[in-house]
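Undergrad: I have a structure I would like to understand better, so I am pasting it below and will then ask my questions one at a time.
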Amino acid sequence: MNEDEHNVQSIAALDWEISFSFPTLEGFVAVFILLSVGICMTGQMFDPSISIRPGPGFNSTERLEYYTGLAENEASSALIAIFTISGYILGLVIPMLIAFSLASAFESGLLETLLSYPIGRRTLLLTKLGITVILISSSVILTSVLSVGVFYLWQIPIVDLMLLIVALLSTCLAIAVSAILLAVISKRVGITSAGCGSLWIGILFVTSDPEYNILYGILNPCQIVVKYLIGGGSSVGLPELFICLSGSILLGVGLIALSILAFERVDI
Numbered sequence: 000m001n002e003d004e005h006n007v008q009s010i011a012a013l014d015w016e017i018s019f020s021f022p023t024l025e026g027f028v029a030v031f032i033l034l035s036v037g038i039c040m041t042g043q044m045f046d047p048s049i050s051i052r053p054g055p056g057f058n059s060t061e062r063l064e065y066y067t068g069l070a071e072n073e074a075s076s077a078l079i080a081i082f083t084i085s086g087y088i089l090g091l092v093i094p095m096l097i098a099f100s101l102a103s104a105f106e107s108g109l110l111e112t113l114l115s116y117p118i119g120r121r122t123l124l125l126t127k128l129g130i131t132v133i134l135i136s137s138s139v140i141l142t143s144v145l146s147v148g149v150f151y152l153w154q155i156p157i158v159d160l161m162l163l164i165v166a167l168l169s170t171c172l173a174i175a176v177s178a179i180l181l182a183v184i185s186k187r188v189g190i191t192s193a194g195c196g197s198l199w200i201g202i203l204f205v206t207s208d209p210e211y212n213i214l215y216g217i218l219n220p221c222q223i224v225v226k227y228l229i230g231g232g233s234s235v236g237l238p239e240l241f242i243c244l245s246g247s248i249l250l251g252v253g254l255i256a257l258s259i260l261a262f263e264r265v266d267i
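Encoded structure:
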């Protein structure tokens, strides 16, 4: 292991110990409690005794017929409901984690301690972003998949699952990076938590409009994936789905670049 790799591991461990000790526990508890409530509500909405058809093969005709009757697929319906609920949970929990880990570090002076290590600001910011995204997205995805698997005996079409996971990850990235950007600009816990949380809850609410819109799909890719799955490609086609998912990922990457640019120039 060279010196640079050792420095990165040291700063990641120190950052986790200082910044994520209490917010990590709080975030996990919040996510699991809220998801458990949503899962219980979802479980009561569906009848597990209904037979579940297996997912389609690679035949396009079967695929279209399958997604046209998606509402009859209990596992897919439950998975869609849980991932949709998860978007709102992410909009609240991620800004709180960023606020308590990054914005509070500005206020308390902990960033000076972290930056005293031989590591650049860019690496520090990307480390914090990576920890947050992995922490939240993995807990939400694993909880959702495991819960639906228990309810419906793992009969989850892999195509549905992968599309929803990609959409949820891109949403998680966009929310996390925008919270980091706001934390770097404001340097305040309250502004970061309340401001970014309110912003994304508003965005997710507005973009849940049933009318199809490319901009809405970029800001809230989970809704476009749901429209694609339920509509069988009739209301939202594959090209539009690809544009929305790609646009959402590019939005996150663009916000990362802005955050790094701002963090390298901010006074600490």
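Mind the numbering: the sequence shown is residues 0 to 267 in numbering that gives the first Met the number 0, read in order. Heads up, the beta-carbon is just placed ideally off N, CA and C, and yes, glycines get one too. The model shown is predicted, which means the values in this text are computed figures rather than measured ones.
Rounded to whole angstroms, how far is the Cβ of GLY194 from the Cβ of LEU181, which I believe are closer than 8 Å?
TA: As a position in the sequence shown, residue 194 is number 195, starting the count at 1. As a position in the sequence shown, residue 181 is number 182, starting the count at 1. That belief holds up - the Cβ atoms of GLY194 and LEU181 are roughly 6 Å apart, short of 8 Å.
Undergrad: Using only CA atoms, which one of ILE229, VAL205, ILE190 lies nearest to SER103?
TA: Numbered from its first residue, the sequence shown carries residue 103 at position 104. Closest option to SER103, Cα to Cα, is ILE190.
Undergrad: Let me know the secondary structure DSSP gives PRO156 once reduced to three states.
TA: By 1-based counting over the sequence shown, the position of residue 156 is 157. Here PRO156 sits in coil by DSSP.
Undergrad: For ALA175, which of LEU114, VAL265, GLY86 has the nearest alpha-carbon?
TA: The residue you call residue 175 lines up with position 176 of the sequence shown. Here the closest residue by C-alpha is GLY86.
Undergrad: Would you call VAL225 buried or exposed, if buried means 16 or more other Cβ atoms sit within 10 Å of its Cβ?
TA: The sequence position of residue 225 within the sequence shown is 226, counting from 1. With 16 or more Cβ atoms within 10 Å of its Cβ, VAL225 is classed as buried.
Undergrad: Going by DSSP, what residue range makes up the alpha helix (DSSP H) through ARG264?
TA: Indexing the sequence shown from 1 puts residue 264 at position 265. Where ARG264 is concerned, the enclosing alpha helix (DSSP H) stretches over 237 to 264.
Undergrad: Using 8 Å as the cut-off, can you tell me whether the region 212 to 227 makes contact with the region 119 to 132, which would need three or more C-beta pairs spanning the two stretches below that distance?
TA: Counting Cβ pairs under 8 Å, fewer than three are found: no touch.
Undergrad: Please say whether VAL235 and VAL183 have beta carbons closer to each other than 8 Å?
TA: The residue you call residue 183 lines up with position 184 of the sequence shown. The residue you call residue 235 lines up with position 236 of the sequence shown. Cβ distance not < 8 Å, so VAL183 and VAL235 don't count as in contact.
Undergrad: Keeping to the same chain, check which residues put their C-beta closer than 6 Å to that of LEU110; ignore five residues upstream and five downstream.
TA: Start at 1 with the first residue of the sequence shown, and residue 110 comes out as number 111. ALA104, ILE267, listed in sequence order.
Undergrad: Would you kindly report the start and end of the unbroken alpha helix (DSSP H) that includes TYR116?
TA: Translated into positions along the sequence shown, residue 116 becomes position 117. Unbroken run through TYR116: none, as it is neither H nor E.
Undergrad: Using only the alpha-carbon positions, how far apart do PRO55 and GLU239 sit?
TA: The residue you call residue 55 lines up with position 56 of the sequence shown. The residue you call residue 239 lines up with position 240 of the sequence shown. Its pLDDT being 45, under 50, PRO55 is placed unreliably by the model, and nothing is read from it.
Undergrad: Taking the CB atoms as reference points, tell me whether LEU167 and GLY251 lie closer together than 8 Å.
TA: Here residue 167 is taken as the residue at index 168 of the sequence shown, counted from 1. Here residue 251 is taken as the residue at index 252 of the sequence shown, counted from 1. No. Outside cutoff.
Undergrad: Can you give the Cα-Cα distance for SER258 and ILE135, rounded to whole angstroms?
TA: Locating residue 258 in the sequence shown gives position 259, where the first residue counts as 1. Locating residue 135 in the sequence shown gives position 136, where the first residue counts as 1. Approximately 20 Å between the Cα atoms of the pair.
Undergrad: What is the DSSP secondary structure of ARG121, reduced to helix, strand or coil?
TA: Start at 1 with the first residue of the sequence shown, and residue 121 comes out as number 122. Looking at ARG121 - three-state DSSP - the assignment turns out to be helix.
Undergrad: Compare the beta carbon distance of LEU91 and ASP159 with 8 Å and say whether it is the shorter of the two.
TA: Position 92 of the sequence shown, counted from the first residue, corresponds to residue 91. Position 160 of the sequence shown, counted from the first residue, corresponds to residue 159. Going by C-beta atoms, LEU91 is not nearer than 8 Å to ASP159.
Undergrad: Which runs of the alpha helix (DSSP H) at least 4 residues long sit entirely within the region 159 to 236? Give them in chain order.
TA: Whole alpha helix (DSSP H) segments, 4+ residues: 195 to 205, 213 to 218, 220 to 230.
Undergrad: Given ILE140, which residues of its chain have a CB within under 7 Å of its CB, disregarding the five upstream and five downstream residues?
TA: The sequence position of residue 140 within the sequence shown is 141, counting from 1. These residues qualify, in order along the chain: ILE164, LEU167.
Undergrad: Within a Cβ cutoff of 6 Å, which residues of the same chain sit near LEU89, ignoring the five residues on either side of it in sequence?
TA: In the sequence shown, residue 89 corresponds to position 90, counting from 1. Answer for LEU89: CYS171, ILE174, listed in chain order.
Undergrad: Give a yes or no on whether the C-beta atoms belonging to LYS186 and GLU106 are separated by under 8 Å.
TA: In the sequence shown, residue 186 corresponds to position 187, counting from 1. In the sequence shown, residue 106 corresponds to position 107, counting from 1. For LYS186 and GLU106, yes; Cβs fall inside 8 Å.
Undergrad: If we count the other Cβ atoms within 10 Å of its Cβ and call it buried at 16 or more, is GLU71 buried or exposed?
TA: Against the sequence shown, residue 71 aligns to sequence position 72. Here the model assigns GLU71 a pLDDT of 47, short of 50, so the residue's position is not dependable and the matter cannot be decided.
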